[in-house]
Amino acid sequence: MSGKLRDSRWDKNGVIRRLIQDAELPSMVRIRQNFDKTEVADLAAAVRQALRQEKIRQKVLPGMNIAITAGSRGTDRYPEMMRAIVTELKAMGASPFLIPAMGSHGGGTAEGQAGMLESLGITEEAVGAPIRSSMEVVRIGTNTDGYPVYIDRYAAEADGIVVVNRVKPHTNFRGEYESGLMKMMTIGLGKNIGAAICHKLPMDDMPHNVLAFGSAVLQNANVLFGIATVENAVDRIKTVAALSAEEIPEGEKRLQAEAKASMPKIPFDNLDVLVVDRIGKNFSGPGMDPNITGISGNPRLKLKPRVQRRVVLDLSDETHGNGVGIGLADFSTKRAFDKLDLDAMYPNSITSRSLAGGKIPVILGSDELALKAAVYTCGKTADTGIRVVRIPNTLHIAEIEISTALLAEAEQNPQLEILTEPYGWTFDSKGNLF
Numbered sequence: 002m003s004g005k006l007r008d009s010r011w012d013k014n015g016v017i018r019r020l021i022q023d024a025e026l027p028s029m030v031r032i033r034q035n036f037d038k039t040e041v042a043d044l045a046a047a048v049r050q051a052l053r054q055e056k057i058r059q060k061v062l063p064g065m066n067i068a069i070t071a072g073s074r075g076t077d078r079y080p081e082m083m084r085a086i087v088t089e090l091k092a093m094g095a096s097p098f099l100i101p102a103m104g105s106h107g108g109g110t111a112e113g114q115a116g117m118l119e120s121l122g123i124t125e126e127a128v129g130a131p132i133r134s135s136m137e138v139v140r141i142g143t144n145t146d147g148y149p150v151y152i153d154r155y156a157a158e159a160d161g162i163v164v165v166n167r168v169k170p171h172t173n174f175r176g177e178y179e180s181g182l183m184k185m186m187t188i189g190l191g192k193n194i195g196a197a198i199c200h201k202l203p204m205d206d207m208p209h210n211v212l213a214f215g216s217a218v219l220q221n222a223n224v225l226f227g228i229a230t231v232e233n234a235v236d237r238i239k240t241v242a243a244l245s246a247e248e249i250p251e252g253e254k255r256l257q258a259e260a261k262a263s264m265p266k267i268p269f270d271n272l273d274v275l276v277v278d279r280i281g282k283n284f285s286g287p288g289m290d291p292n293i294t295g296i297s298g299n300p301r302l303k304l305k306p307r308v309q310r311r312v313v314l315d316l317s318d319e320t321h322g323n324g325v326g327i328g329l330a331d332f333s334t335k336r337a338f339d340k341l342d343l344d345a346m347y348p349n350s351i352t353s354r355s356l357a358g359g360k361i362p363v364i365l366g367s368d369e370l371a372l373k374a375a376v377y378t379c380g381k382t383a384d385t386g387i388r389v390v391r392i393p394n395t396l397h398i399a400e401i402e403i404s405t406a407l408l409a410e411a412e413q414n415p416q417l418e419i420l421t422e423p424y425g426w427t428f429d430s431k432g433n434l435f
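Be aware that the sequence shown starts at 2, since it is given in the working numbering, and climbs by one per residue.
Right, here's the structure in full:
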């Protein structure tokens with residue numbers, strides 16, 4: 002991005018400010034969604050119990066070098082989870098190590114992927130095992146559709162592979178296989194090359210392709226077992242399951258059904274404006290989860306809520322400039338724009354062949370301008386009842402803010418708790434909320 006564009010004086014003639022000067026932001030109320038919060042309290046103990054099953058223990062022999070997949074998502078208690086796996090494998094006499102398994106994330110470089118893990122707390126010191134990062138892959142075979150199958154070189158050379166991932170609904174397709182162990186073997190282990198081969202196929206066929214590529218990895222690589230988690234609606238692990246390689250295809254289908262039943266959502270189907278404080282790869286693969294925002298890079302995926310205008314205010318620090326997802330917003334801010342690292346962002350969009358999230362929305366100089374522009378272009382006012390929801394990100398929506406136009410509806414929902422009286426928006430001297 003040119004310095005000239007980044008350093009330019011925004012709305013230098015004040016035209017935008019004059020256009021939206023009469024746009025009034027509605028008063029807001031903070032509410033809490035009372036989700037089922039059942040969770041695994043002692044995660045290390047749950048991992049130990051899962052791995053000490055005979056069907057799992059018999060796969061691990063003393064002296065084995067074992068590769069453990071480490072993805073790029075900000076999952077619950079991620080370092081604790083990985084350390085517990087490492088500790089148990091060491092207790093069995095194995096020599097485990099971690100490999101970044103995240104397709105083209107981290108800018109598609111070995112250093113970038115190691116840096117992505119570090120930003121999530123996954124370091125050698127934290128987990129007790131070395132991290133071996135490479136973008137080199139090895140072809141291990143061909144799937145049933147005739148496509149070549151590749152996996153990370155370190156994984157291919159190991160004595161065994163342990164596949165670790167959270168199982169959850171995907172952001173761009175629906176099926177029995179979405180995000181989980183099978184997709185980790187298909188996309189994560191495949192690095193740039195493997196991910197690109199799968200992503201060039203039609204998105205609507207992705208559940209089949211994940212099964213085809215994942216099954217080929219199970220047949221042609223030494224996958225010992227998988228460890229899958231399911232999170233509750235407040236992003237805490239509720240289930241830890243260890244599946245032998247043979248059990249993964251059927252076991253994951255059951256876990257996917259559980260994950261879909263546990264998925265949180267915004268409790269209103271129709272909105273005028275949705276405000277997302279921060280987006281990032283640590284919250285969701287597409288930066289902001291379409292299952293929450295109601296918009297996806299796949300136009301055939303019909304989602305709720307239905308929203309007129311979406312506003313993204315900032316990027317998370319953990320996303321390292323990868324602002325993929327910002328293109329699904331209608332408005333954003335110069336603060337977010339200035340943080341974009343296109344070298345991190347574009348490889349992800351191009352590899353996935355889903356370009357919508359990598360585009361640039363209307364960029365305005367402050368939070369206040371972006372919010373007022375969204376309200377103005379909806380054609381509604383605070384007096385006519387503009388329906389606004391503000392969330393911190395798409396991963397944490399237990400407590401959110403709603404406009405007073407939604408208050409009566411919220412009061413009729415037994416799952417919602419009203420926490421405050423109505424209040425106004427508070428901007429600093431630069432027109433920003435934070």
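For each residue, glycine too, the CB sits at the ideal point set by N, CA and C.
Take residue i and list the residues in its own chain whose beta-carbon comes closer than 6 Å to its own, dropping the five residues that flank it on each side.
i: Gly109; result: Asn193 and Pro348
i: Ala85; result: Ala45 and Val48
i: Val276; result: Val312 and Arg391
i: Gly445; result: The structure shown does not extend to residue 445, since the chain is modelled only from 2 through 435, so no value can be given for it.
i: Arg279; result: Asp315, Ser317 and Asn394
i: Ala375; result: Val274, Arg310, Val312 and Phe332
i: Lys360; result: Gly328
i: Ser180; result: Lys169 and His171
i: Ile296; result: Leu329
i: Gly161; result: Met65, Ile67, Asn223 and Leu225
i: Leu396; result: Asp236 and Phe284
i: Ala213; result: Asn144, Thr145 and Asp146
Buried or exposed for residue i, please, with buried defined as at least 16 other CB atoms from any protein chain shown within 10 angstroms of its CB.
i: Pro97; result: buried
i: Arg74; result: buried
i: Glu253; result: buried
i: Thr294; result: buried
i: Thr76; result: buried
i: Phe435; result: exposed
i: Tyr424; result: exposed
i: Arg140; result: exposed
i: Val16; result: exposed
i: Asn271; result: exposed
i: Ser404; result: buried
i: Glu1; result: There is simply no residue 1 to check, as the chain begins at 2 and stops at 435 in what is shown.
i: Gly147; result: exposed
i: Ala92; result: exposed
i: Thr39; result: exposed
i: Asp23; result: exposed
What first and last residue would you give for the beta strand (DSSP E) that runs through residue i?
i: Ile86; result: Not the beta strand (DSSP E): Ile86 falls in the alpha helix (DSSP H), residues Tyr79 to Ala92.
i: Glu402; result: Glu400 to Ser404
i: Thr70; result: Asn66 to Ala71
i: Ile188; result: No beta strand (DSSP E) contains Ile188, which DSSP labels as neither H nor E.
i: Glu418; result: Leu417 to Ile419
i: Pro101; result: Ser96 to Pro101
i: Met204; result: Premise fails: Met204 is in no beta strand (DSSP E) and is neither H nor E.
Ignore the nearest five residues each way along the sequence and tell me which others in residue i's own chain have a CB closer than 7 Å to its CB.
i: His200; result: Thr352, Ser353 and Arg354
i: Pro80; result: Gly122, Ile123, Ala127 and Val128
i: Thr382; result: Glu25
i: Val1; result: Here the chain has residues from 2 to 435 only, and residue 1 is not among them.
i: Ser350; result: Val325, Leu356, Gly358 and Gly359
i: Gln54; result: Ala243
i: Leu190; result: Thr70, Ala102, Ile152, Asp153, Ala156 and Val218
Going by beta carbon distance, what residues of the same chain come within less than 8 Å of residue i, once the five residues before and after it are set aside?
i: Tyr184; result: The sequence shown places Lys at residue 184, rather than the Tyr named in the question. So the qualifying residues of the chain are Asn166, His171, Tyr178, Val211 and Gly215.
i: Gly366; result: Trp11, Asp12, Thr334, Lys335 and Gly432
i: Asn414; result: Pro268
i: Ser3; result: Here Ser3 scores only 47 on pLDDT, less than 50, and its place in the model is too uncertain to base an answer on.
i: Gly116; result: Gly107 and His321
i: Pro131; result: Phe98, Leu99 and Glu125
i: Arg18; result: Asp12 and Leu370
The alpha helix (DSSP H) that contains residue i, what's its start and end?
i: Val16; result: Val16 to Leu20
i: Thr378; result: Asp368 to Cys379
i: Glu158; result: Arg154 to Glu158
i: Val48; result: Leu44 to Leu52
i: Arg58; result: Glu55 to Arg58
i: Arg196; result: In the sequence under discussion, the amino acid at residue 196 is Ala, which differs from the Arg named in the question. Its alpha helix (DSSP H) spans residues Lys192 to His200.
i: Glu412; result: Leu408 to Glu412
Could you pull out every unbroken beta strand (DSSP E) segment of at least 3 residues lying fully inside the segment 289-350, listed in chain order? With a minimum length of 3 residues, the unbroken runs of beta strand (DSSP E) contained wholly in the segment 289-350 fall at 307-316 and 332-334.
Curious, which full-length beta strand (DSSP E) runs of at least 3 residues does the segment 222-291 contain? Entirely contained in the segment 222-291, the beta strand (DSSP E) runs reaching 3 residues are, in chain order, 224-232, 238-245 and 271-280.
With three or more beta-carbon pairs closer than 8 Å as the criterion, would you say the segment 241-250 touches the segment 261-281? Short answer: they don't touch.
Okay, do the segment 356-373 and the segment 400-413 touch, 3+ Cβ pairs below 8 Å being the bar? Short answer: they don't touch.
Would the segment 32-42 count as touching the segment 418-425 if we require 3 or more Cβ pairs under 8 Å? Contact between the segment 32-42 and the segment 418-425 is present, with at least three C-beta pairs closer than 8 Å.
Give, in chain order, every unbroken run of the alpha helix (DSSP H) that is at least 4 residues long and sits entirely within the segment 106-152. Unbroken alpha helix (DSSP H) runs of no fewer than 4 residues, entirely contained in the segment 106-152, are found at 111-120 and 125-128, following chain order.
Tell me, please, whether the segment 255-264 touches the segment 60-68 by the rule of three or more beta-carbon pairs shorter than 8 Å. Cβ pair count under 8 Å is below three, so no.
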